[in-house]
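Asker: In our numbering, the protein residues as written are -15 to 118.
Quick reminder that beta carbons are idealized off the backbone N, C-alpha and C, glycines included.
Mind looking over this structure? Questions follow.
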């Protein structure tokens, strides 16, 4: 092989190496972007959550049957605060900000990154946070 042929081969190898590195970077960037996108559409995109708020307020006021249980001596709470409640095929949990709560998130049974906050209701006297587990 002549000197010109070897020099062309080196240029071709360097060019191929550079293209390969760029492709690897591009593929890894696309993979990272795809992994960062949410895997499903969040329920919070649903504009009408009034029935869920009514469900919680009904349970807290006693309009909807939700038995009280004693979690500690002298402390009673609604069963739905511990076990959640089923609505439209999903189980929802809630807690009241600034009050003692016994839902799975407040007790530390599940991590914040395992839940989807559906609603933070501030229209009443108490702020209620409604969520579901992924």
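Assuming residue 103 and residue 33 make a contact with CB atoms under 8 Å, what is their CB distance in whole Å?
Answerer: Sequence index remark: in the chain shown, residue 103 carries index 119 (1-based). Sequence index remark: in the chain shown, residue 33 carries index 49 (1-based). Rounded, the Cβ-Cβ distance is 5 Å, consistent with contact.
Asker: Near residue 110, which residues of its chain fall below 6 Å by C-beta distance, leaving aside the five closest residues on each side in sequence?
Answerer: To locate residue 110, count along the chain shown from 1; it is residue 126. Hits under 6 Å: 80.
Asker: So does the region 60 to 76 actually touch the region 41 to 51, counting three or more Cβ pairs closer than 8 Å?
Answerer: Output reads yes: the region 41 to 51 touches the region 60 to 76.
Asker: Check the DSSP bridge columns for residue 69 and list the partner residues they point to.
Answerer: As a first step, residue 69 is located in the chain shown; it is residue number 85 there, counting from the start. 76.
Asker: Quick test of your reading: residue 87 and residue 77, contact by CB under 8 Å. State the CB separation rounded to the nearest angstrom.
Answerer: Looking up residue 87 in the chain shown gives position 103. Looking up residue 77 in the chain shown gives position 93. About 5 Å; that satisfies the 8 Å criterion.
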